[in-house]
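Visitor:
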Amino acid sequence: MALLLRFVLLCGVADFIRGWSITTPEQMIEKAKGETAYLPCKFTLSPEDQGPLDIEWLISPADNQKVDQVIILYSGDKIYDDYYPDLKGRVHFKSNDLKSGDASINVTNFQLSDIGTDQCKVKRAPGVANRKIQLVVLGKPSGTRLIIHPWDPYLLPTWKDIPRLSINEYQVKTLNALLRVRLSHLLR
């Protein structure tokens, strides 16, 4: 544990001393299911850093029971994008020249399973820097919701305007007496 703490402190100090960092702020990105999302990760390197450049994107799934997974990796001038089966074939680096300071990725065909926190980690010895991006996938509405204010019967739609109304027993019990009378004719 002490060794790990020293490593974390050393990485933080090296990042500060070397003067390089990820310039993209931590943020939240919202995209609809099926869209392509751009997850930014821009960084600047210091000329003093001479080690090999490694870039790693991790996902922390929304389900805390699951462990962080590598989704795409750049190491030794090669790209490895087949680590995470759920994103296989859907995640790509935006730039072909990652040494230019752009480690951003595009994720195509967003799915609800993509929800989580993505982390861009840039390593160049002796420094390490990372940024987190909260990923929210917006699903399409699953149906029409009718909001009824029982205290204002004049704003209720006519039943001709609603082709098919699905109301469960619990919802019927919570409606006021006026609405129950109107529904009794519809539910027969």
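Going left to right, the sequence shown walks through residues -19 to -1, 1 to 169 as mature numbering (1 follows the signal peptide of the UniProt record, and there is no 0) numbers them.
Backbone N, C-alpha and C define an ideal beta-carbon position, used for all residues, glycine too.
Being a predicted model, the structure only gives us computed values, none of them experimental.
#1: Any Cβ of chain D within less than 8 Å of the Cβ of D63?
#2: Could you please give the first and the last residue of the uninterrupted beta strand (DSSP E) stretch that includes residue 180?
#3: Could you check which residue in L34, I40, I3 has the C-alpha nearest to that of D67?
#4: Please confirm if the region 9 to 23 is in contact with the region 93 to 109, defined as three or more CB-CB distances below 8 Å between the two stretches.
#5: Going by other Cβ atoms of all chains shown within 10 Å of its Cβ, with 16 needed for buried, is D49 buried or exposed?
#6: Taking the DSSP output, what are the residues bridged to L39?
#7: In the structure shown, what three-state DSSP assignment does D67 receive?
#8: First and last residue of the beta strand (DSSP E) that includes N90?
#9: Give the secondary structure of L20 by DSSP, where H, G and I count as helix, E and B as strand, and everything else as coil.
#10: Comparing C-alpha positions only, which one of L116, D63, L26, I10 sits nearest to G97?
#11: Going by the CB atoms, is the gap between L26 and Y55 shorter than 8 Å?
#12: Looking only at DSSP bridge pairs, what is S76 linked to?
#13: Bridge partners of Q8, per DSSP?
#14: I need the straight-line Cα distance from D83 to V109, nearest angstrom please.
#15: So, helix, strand or coil for S27, using DSSP?
Guide: Answer, in terms of the structure:
#1: No chain D is part of this structure, which consists of one protein chain only.
#2: The structure shown does not extend to residue 180, since the chain is modelled only from -19 through 169, so no value can be given for it.
#3: Start at 1 with the first residue of the sequence shown, and residue 67 comes out as number 86. The shortest Cα separation from D67 among L34, I40, I3 belongs to I40.
#4: yes
#5: Within the sequence shown, residue 49 is the residue found at index 68, counting from 1. Label assigned to D49: exposed.
#6: In the sequence shown, the residue the question calls residue 39 occupies position 58. V51, Q100, per the DSSP bridge assignment.
#7: Taking the sequence shown and counting its residues from 1, the one referred to as residue 67 is at position 86. In the structure shown, D67 sits in a helix (DSSP, three-state: H, G or I).
#8: The residue given as residue 90 occupies position 109 in the sequence shown. Run containing N90: none; DSSP gives neither H nor E here.
#9: On the sequence shown, residue 20 is found 39 positions in, with the first residue counted as 1. Looking at L20 - three-state DSSP - the assignment turns out to be strand.
#10: The residue given as residue 97 occupies position 116 in the sequence shown. For G97, the nearest C-alpha among the options comes from L116.
#11: The sequence position of residue 55 within the sequence shown is 74, counting from 1. The sequence position of residue 26 within the sequence shown is 45, counting from 1. Against a cut-off of 8 Å, the Cβ pair of L26 and Y55 comes out as no contact.
#12: Locating residue 76 in the sequence shown gives position 95, counting from the first residue. According to DSSP, which records beta bridges pairwise, S76 is partnered with nothing at all.
#13: For this step, residue 8 is matched to residue 27 along the sequence shown. Paired residue(s): I114.
#14: Residue 83 sits at position 102 when you count from the first residue of the sequence shown. Residue 109 sits at position 128 when you count from the first residue of the sequence shown. If I take the Cα positions, the gap works out to 15 Å.
#15: Here residue 27 corresponds to residue number 46 of the sequence shown, with the count starting at 1. S27: coil per DSSP, three-state reduction.
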